Amino acid sequence: MNTDVAPRLGWWQQTWRLVAAAAAGIPIWLSVGVVLRGQTGETGSWFLIGDPLVALGCLTALVWRRRFPLAVAMTVVIASTASALATGAAFLALVSLSTRRRPVESGVVGLAFVTAAQFTGGLYPVQRTSDSWWLELTSPALIAGIAVAVGMAIGARRVEVRSLRDRAESAEREQSARAAQARALERNRIAREMHDVLAHRISLVAMQAGVLGHRGDLTAEENRVLVRGIADGSHQALEELRDVLGVLRADPGRPEPPQPSLDRIPDLVADARTSGLDVTFTTTVTGVPSDVVGRTCYRIVQEGLTNAAKHAPGASVRIAVEGTAGDTLHVSVHNSAATRATAQPPASGFGLLGLTERIDLAGGKLNHHRTPDNGYLLTAQLPWPNPTHEKRT
Numbered sequence: 078m079n080t081d082v083a084p085r086l087g088w089w090q091q092t093w094r095l096v097a098a099a100a101a102g103i104p105i106w107l108s109v110g111v112v113l114r115g116q117t118g119e120t121g122s123w124f125l126i127g128d129p130l131v132a133l134g135c136l137t138a139l140v141w142r143r144r145f146p147l148a149v150a151m152t153v154v155i156a157s158t159a160s161a162l163a164t165g166a167a168f169l170a171l172v173s174l175s176t177r178r179r180p181v182e183s184g185v186v187g188l189a190f191v192t193a194a195q196f197t198g199g200l201y202p203v204q205r206t207s208d209s210w211w212l213e214l215t216s217p218a219l220i221a222g223i224a225v226a227v228g229m230a231i232g233a234r235r236v237e238v239r240s241l242r243d244r245a246e247s248a249e250r251e252q253s254a255r256a257a258q259a260r261a262l263e264r265n266r267i268a269r270e271m272h273d274v275l276a277h278r279i280s281l282v283a284m285q286a287g288v289l290g291h292r293g294d295l296t297a298e299e300n301r302v303l304v305r306g307i308a309d310g311s312h313q314a315l316e317e318l319r320d321v322l323g324v325l326r327a328d329p330g331r332p333e334p335p336q337p338s339l340d341r342i343p344d345l346v347a348d349a350r351t352s353g354l355d356v357t358f359t360t361t362v363t364g365v366p367s368d369v370v371g372r373t374c375y376r377i378v379q380e381g382l383t384n385a386a387k388h389a390p391g392a393s394v395r396i397a398v399e400g401t402a403g404d405t406l407h408v409s410v411h412n413s414a415a416t417r418a419t420a421q422p423p424a425s426g427f428g429l430l431g432l433t434e435r436i437d438l439a440g441g442k443l444n445h446h447r448t449p450d451n452g453y454l455l456t457a458q459l460p461w462p463n464p465t466h467e468k469r470t
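In terms of the numbering used here, the sequence shown opens at residue 78 and continues consecutively.
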C-alpha cells in the first residue's frame, strides 16, 4: 500500500474544505478593498473581477491536490500572487502538501508562499510605511509555518490511523486463519475418530454379509448366527458413533469419557471371532502402560483386525502384544492370505495414515508390509517410560 497517496474524499468532504478555503480568503480580500477605498476612493476592475476569477481558478485546481500534490500546491501558491482572495486556497494547498511529511517539499512551497505574499500588494496602489516591511514578511511566514505544522499533524494522524487499521485487518486475517485451521483440525479429528470407531464394525458387518451372499450351503442356524451378528454389529456401530458425537459435542468444561485402552483388546478379539475371523491373541505385558500408549496399542490392533476383515476374508490372524515398563511395547498383527473371495468394501484411505500419525505423536514407529505367504504384517513399537522416571522428570 502506497502511504504517500491520501484516501479519496467524498463530495461533502471536498466541498466543505473548498468553502472553508474561500471563506478564509474573504477577510483578506475585503481588507484590501477597504484600504483601496480609503486611499484612492475606488477599488478598480481587477479587484472586483480579476482577483475573484484567479481565486476561483485556484479553488478549482485544489480538487486535484491529492492526485498531484506538489504541482497543484506550487501552482496555487504562485497564482495567489495575483489574488488576495486566493490566500485561503494557497493555505489549504500548503496544508495538503505538508500531510505527506516531506520537509523539502513543504519548505520550497512555504518559501514560495511567503514570496508570493510580498508581490501581492504590487497589484494594488496601496501606500506602505517604511517600517511595515517586517510585518509584511513575518505574517506570511507565520501563516506558512502554521499551515506546515497543521499538515504535518494531519499526516501523522493519518499514518497512525492507517497503522491501526492495518493491525486490525491483520488481526482479523489471523483470526480467520486460526478459525480455519481449527475447523480443519476438528474435521481431521472427526474423520480419524469416525474411522477408528466405525471401520472395524462395518468391516465385520460387510464380511458377514459377504458370507451370506456367497455361501449357499449354510444351515439355518448358521444363517441366524450371521444375521444376528450383522444386527449386533450395526447396533454397536451406531452406539459407538453416538459416543463419538457426544464427545465432539460436549462442553469444553466437561471431562471426556474414557477411551478404550489395552484392557479392551480382548473384547476386540471376541467380536472378531464372533464375526467369523480366526484370531489368536497372546500377550506378555507386565504392568499398566499410560493412557496414550494403551489407547494407541488398542487402535493398532483394531486397525489390523479391520484390514484383515476387509482384505483377507477367511484368513487366520495372530496378535501379539509384549513389553514392560521402562522398555518398549511391541505390537504385531499378522494375517495369512485370504481363503475366499468376496466383494471388497470401499477403502477410506484414513486407516494407516491416521494410525501413523497417532504413533508418531506417541513417539513410536510403525511398519507394515506383505509377507512371503501372501499375508500382511503390521508391527509397531511404542516407548513405555518407567512411571517413576516420569515423575522425576
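Cβ atoms here follow ideal geometry from the backbone N, Cα and C, with glycine treated the same way. Here the structure is a predicted model, which is why all the values come from computation and not from measurement.
Residues in the same chain with beta-carbon distance under 8 Å from residue 232, minus the five sequence neighbours each way, listed in chain order, please. Counting from one through the sequence shown, the residue named residue 232 turns up at place 155. If we look at residue 232 and ignore the five residues flanking it on each side, its Cβ neighbours are 175, 176, 177, 178.
Tell me residue 412's beta-bridge partners as DSSP assigns them. Position 335 of the sequence shown holds residue 412. Bridge partners of residue 412: 394, 453.
Simplified DSSP state of residue 143, which is helix, strand or coil: Reading the sequence shown from its first residue, position 66 is the one you call residue 143. Residue 143: coil per DSSP, three-state reduction.
Between the Cα of residue 463 and the Cα atoms of 367, 383, 413, which residue gives the shortest distance? Locating residue 463 in the sequence shown gives position 386, where the first residue counts as 1. Checked all of 367, 383, 413; the closest Cα to residue 463 is 367.
Could you check the C-alpha separation between residue 69 and residue 358 for me, to the nearest Å? What is shown of the chain runs 78 to 470, which leaves residue 69 out entirely.
Using only the alpha-carbon positions, how far apart do residue 88 and residue 259 sit? Along the sequence shown, read from residue 1 onward, the residue named residue 88 stands at position 11. Along the sequence shown, read from residue 1 onward, the residue named residue 259 stands at position 182. Those two C-alpha atoms are separated by around 44 Å.
What's the C-alpha gap between residue 307 and residue 400? As a position in the sequence shown, residue 307 is number 230, starting the count at 1. As a position in the sequence shown, residue 400 is number 323, starting the count at 1. Approximately 35 Å between the Cα atoms of the pair.
Let me make sure I understand the geometry here. Which of 388, 261, 110 has the alpha-carbon closest to that of residue 129? Stepping through the sequence shown from its first residue, residue 129 is reached at position 52. The shortest Cα separation from residue 129 among 388, 261, 110 belongs to 110.
Which residue's Cα is closest to the Cα of residue 387: 415, 403, 229? Residue 387 sits at position 310 when you count from the first residue of the sequence shown. Comparing Cα-Cα distances from residue 387 to each of 415, 403, 229, the minimum goes to 415.
So residue 362 is in the beta strand (DSSP E); what residue range does that whole segment cover? Position 285 of the sequence shown, counted from the start, is the residue given in the question as residue 362. Here the beta strand (DSSP E) through residue 362 covers 355-363.
Buried or exposed for residue 348, going by 16 or more other Cβ atoms inside 10 Å? Translated into positions along the sequence shown, residue 348 becomes position 271. So residue 348 counts as buried.
Length of the line joining the Cα atoms of residue 316 and residue 310: Against the sequence shown, residue 316 aligns to sequence position 239. Against the sequence shown, residue 310 aligns to sequence position 233. Using only the alpha carbons, I get a separation of about 10 Å.
Looking at residue 443 and residue 436, is the spacing between their C-beta atoms short of 8 Å? Here residue 436 refers to the residue found at position 359 when the sequence shown is read from its first residue. Here residue 443 refers to the residue found at position 366 when the sequence shown is read from its first residue. Closer than 8 Å, so yes.
Return the CA-CA distance between residue 451 and residue 339, expressed in angstroms with no decimal places. Your numbering for residue 451 matches position 374 in the sequence shown. Your numbering for residue 339 matches position 262 in the sequence shown. One C-alpha to the other measures close to 29 Å.
DSSP bridge partner residues for residue 134 (one or two, in chain order): Reading the sequence shown from its first residue, position 57 is the one you call residue 134. For residue 134, which the question treats as bridged, DSSP gives no partner whatsoever.
Report the three-state DSSP secondary structure of residue 180 (helix, strand or coil). Residue 180 sits at position 103 when you count from the first residue of the sequence shown. Note: residue 180 maps to helix in three-state DSSP.
Measure from the alpha carbon of residue 433 to the alpha carbon of each residue in 215, 411, 381, then state which is nearest. Locating residue 433 in the sequence shown gives position 356, counting from the first residue. Nearest C-alpha to residue 433: 381.
Leaving out five residues on either side along the sequence, give the residues of the same chain with a beta carbon under 8 Å from the beta carbon of residue 98. Sequence index remark: in the sequence shown, residue 98 carries index 21 (1-based). If we look at residue 98 and ignore the five residues flanking it on each side, its Cβ neighbours are 136, 139, 165, 166, 168, 169.
Whole angstroms are fine: how far does the CA of residue 261 sit from the CA of residue 146? Here residue 146 corresponds to residue number 69 of the sequence shown, with the count starting at 1. Here residue 261 corresponds to residue number 184 of the sequence shown, with the count starting at 1. Answer to the nearest angstrom: the Cα atoms are 49 Å apart.
Straight-line CA distance for residue 94 to residue 113? As a first step, residue 94 must be located in the sequence shown, where it is residue number 17. As a first step, residue 113 must be located in the sequence shown, where it is residue number 36. Whole-angstrom Cα-Cα distance: 29 Å.
Only counting the same chain, and skipping five residues up and downstream in sequence, which positions put a Cβ closer than 6 Å to that of residue 408? Residue mapping note: residue 408 aligns to position 331 of the sequence shown, counting from 1. Here the set comprises 374, 377, 398, 457.
For residue 221, I'd like the list of residues in its chain whose CB is within less than 6 Å of its CB, leaving aside the five on either flank, ordered along the chain. On the sequence shown, position 144 is the one that residue 221 refers to. Cβ neighbours of residue 221 beyond the five flanking positions: 187, 190, 191.
Identify which residue in 91, 171, 251 has its Cα closest to the Cα of residue 223. In the sequence shown, residue 223 corresponds to position 146, counting from 1. Out of 91, 171, 251, 171 has the C-alpha closest to the C-alpha of residue 223.
Provide the residue span of the beta strand (DSSP E) that contains residue 447, from first to last. Here residue 447 refers to the residue found at position 370 when the sequence shown is read from its first residue. Element bounds for residue 447: 442-447.
Pick from 256, 393, 302, 294 that is closest to residue 282, judged by C-alpha positions: As a first step, residue 282 is located in the sequence shown; it is residue number 205 there, counting from the start. Here the closest residue by C-alpha is 302.
Cβ-based neighbour list, residue 103, same chain, cut-off 8 Å, excluding 5 preceding and 5 following: Your numbering for residue 103 matches position 26 in the sequence shown. So the list reads 162, 165, once near-sequence residues are dropped.
Give the straight-line distance between the Cα atoms of residue 255 and residue 244, rounded to the nearest whole angstrom. Taking the first residue of the sequence shown as 1, we reach residue 255 at position 178. Taking the first residue of the sequence shown as 1, we reach residue 244 at position 167. Roughly 16 Å separates the two Cα atoms.
Exposed or buried, residue 184, counting other C-beta atoms within 10 Å across all chains shown (16 or more means buried)? Sequence index remark: in the sequence shown, residue 184 carries index 107 (1-based). By the neighbour-count rule (16 or more Cβ atoms within 10 Å), residue 184 is not buried but exposed.
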